[in-house]
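Data first, discussion second: the structure below is written as structure tokens.
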Amino acid sequence: MLLKENLGPADFEQLVDEQKATASRLIFTDQSIFELEQEKLFAKVWLYIGHDSEIPNPGDYVTRKMATDPVILNRGEDGNINVLLNSCSHRGTLLCTTDTGNTKGFTCAYHGWAFGLNGDLKATADDMNLYDGKVDFDTLNLKSAARVDSYAGLIFATWNNEAPDLADFLGDARWYLDLYRKRTPQGMEVLGAPHRWVVETNWKTGAVNFGADGPHAVKVHGPITQATFGIPPQAVRDSLLYSPAISMGNGHNGILPFIPESLRGQVPAFTGYPAELIELYEQCLTTAQLEVSRDLLGGVQTMFPNFSSVQAPAIFRPGGPPINMLAIRVWQPISATQMEIWNWFLVEKEASEEWKHEAMLAGVRTFSPGGTFDQDDAEAWAGITAGIAGQQSRQGDMNFQMALAYRDQIIPDFPGPGKAYPSIYGEVTEFDVLLEWQKYMTA
Ligand code: FES
Ligand SMILES: [Fe+2]
């Protein structure tokens, strides 16, 4: 439903209130705001596309989305990575309709126009000479992303020629990405194809929740946290209440849940990892990163705007060892009240095949469409849409006011960069995702 046809910066100044730490419910339901996001945010910012390990060889490709646009991510004959709009330059048909494969190029099923891996038009329906020299075929190559780059095997692309370098866009967040994604010499690989499922909620709900929401872990996931982590709910609460949340800058946010005081000495360092990997972590991470990593129970992050991750050690056999899973995911916008989650599991290349399998199972059982945690979340997130879409209910605010108590409490001398706040209950970092969103929408 269109709220207003011409929303301007002044409207967006009001829709997120930094002073009060609230945001209008409309930004989670209004379709005209959603349309403006495509233009002002998703067309401007770096977006996560895929992982290096998904396209190891020339000709390898996967089909993806950059917000609402379909794209093809492939590795060219020269080894370079291409990100192409998956839309035929003849009449716009979706060009590549398979999820993944290896090819020398892409041929449209409608009239047969053919394109190379770099998007160059190679052939039309029949002899190109039939156009009698009246068409400049160079203008009919596939549209490519303006910039493509990667960090720690994570491939990002943007439509924006003016975008800062990816390294600058990620900035201090790289230090925290390293804690989970750059711990061994060979780096990580993706386990299998992405899981994809639709949730009836705005994409920002997921981005904010992974920015990250502490109290919900105890409440909505309460009964399964003990079964999954093998520690009492009170200890989970203590971990979240007294562990830091980090604003890494540029809208990137996350949490570092530590082993709570009550369990120190009972839970080993690097809980949930095999000794052979821990040895490599100790070689690759810096002293400061090791200081933070050793006592972590897991971690949750959102790289602005819609790329998130979660790591957690899961126990599924009574008395069995905890197994860490690491999921990365994109909250793909479909409409103001619908998103599609794309979810992959990552594991270190150096891990044993047995451990990779266990890590995959731990992920599927927790953070996947059938996973215990995602089923809880999807129910709550769809509940937001159901709760705020009416004429009366859409008029209220989303409340992040725990931030008022915590936003001035920055931990001095925290070992990592950015701003560290003393509690994952603080709502400061969740709200920061929306403050960054507001910057793009008012620009
Ligand atoms: S639409 Fe692709 S060849 Fe015509
Ligand atoms: Fe959750």
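The opening position of the sequence shown corresponds to residue 603 in this note's numbering, with each subsequent residue numbered one higher.
All residues carry an ideal CB built from backbone N, CA and C; glycine is no exception.
A quick note: this is a predicted structure, and the numbers were derived from the prediction, not measured.
Asked, Found
"Can you find the residues in the same chain that come closer than 7 Å, C-beta to C-beta, to Asp662, ignoring five residues on each side of it along the sequence?", "Asn676, Arg677 and Asn704"
"For Gln852, tell me which candidate among Arg839, Pro817, Leu1036 and Asp722 has the shortest Cα-Cα distance.", "The identity of residue 852 in the sequence shown is Asn, whereas the question assumes Gln. The residue with the shortest Cα to Cα distance from Asn852 is Leu1036."
"State the Cα-Cα distance for the pair Glu881 and Gln977, rounded to the nearest angstrom.", "35 Å"
"At a cut-off of 8 Å, would you count Gly721 as near ligand 1, judging by its Cβ distance to the nearest heavy atom?", "no"
"Hey, would you say Ala914 sits closer than 9 Å to Gly972, going by beta carbons?", "no"
"Ends of the alpha helix (DSSP H) at Trp805?", "Trp805 to Asn811"
"Rounded to the nearest angstrom, what separates Trp946 and Val737 at their Cα positions?", "43 Å"
"With burial defined as no fewer than 16 other Cβ atoms inside 10 Å of the residue's Cβ, what is the status of Thr665: buried or exposed?", "buried"
"I'd like to confirm something about Asn1001: is its beta-carbon nearer than 8 Å to some heavy atom of ligand 2, or not?", "no"
"Using only the alpha-carbon positions, how far apart do Ala890 and Ile1012 sit?", "18 Å"
"Using a Cβ-Cβ cut-off of 6 Å (strictly less than) and excluding sequence neighbours within five positions of His797, which residues of its own chain qualify?", "Asn945, Ser970 and Pro971"
"At a cut-off of 8 Å, is Val822 close to ligand 2 when judged by its beta-carbon and the heavy atoms of the ligand?", "yes"
"Per DSSP, Tyr650 forms a beta bridge with which residues?", "Phe758"
"Please go through the segment 966-1002 and give each complete alpha helix (DSSP H) segment of 4 or more residues, from N-terminal end onward.", "974-990"
"Could you tell me the distance, in whole angstroms, from the CA atom of Met603 to the CA atom of Asp632?", "Legend: pLDDT at Met603 = 42, less than 50; position of this residue unreliable, value from coordinates given subsequently. The straight-line gap from Cα to Cα measures roughly 6 Å."
"Can you name, in chain order, every residue of its own chain whose Cβ lies under 6 Å from the Cβ of Val966, other than the five neighbours on each side?", "none"
"Go through its chain and collect everything with a Cβ distance to Lys784's Cβ below 6 Å, but skip five positions before and after it.", "Ala754"
"Collect the residues with a C-beta less than 6 Å away from any heavy atom of ligand 1 and give them in sequence order along the chain.", "Cys690, His692, Arg693, Thr695, Cys710, Tyr712, His713, Gly714 and Trp715"
"Determine the DSSP secondary structure at Arg838, reduced to helix, strand or coil.", "According to the sequence displayed, residue 838 carries Val and not Arg. Helix."
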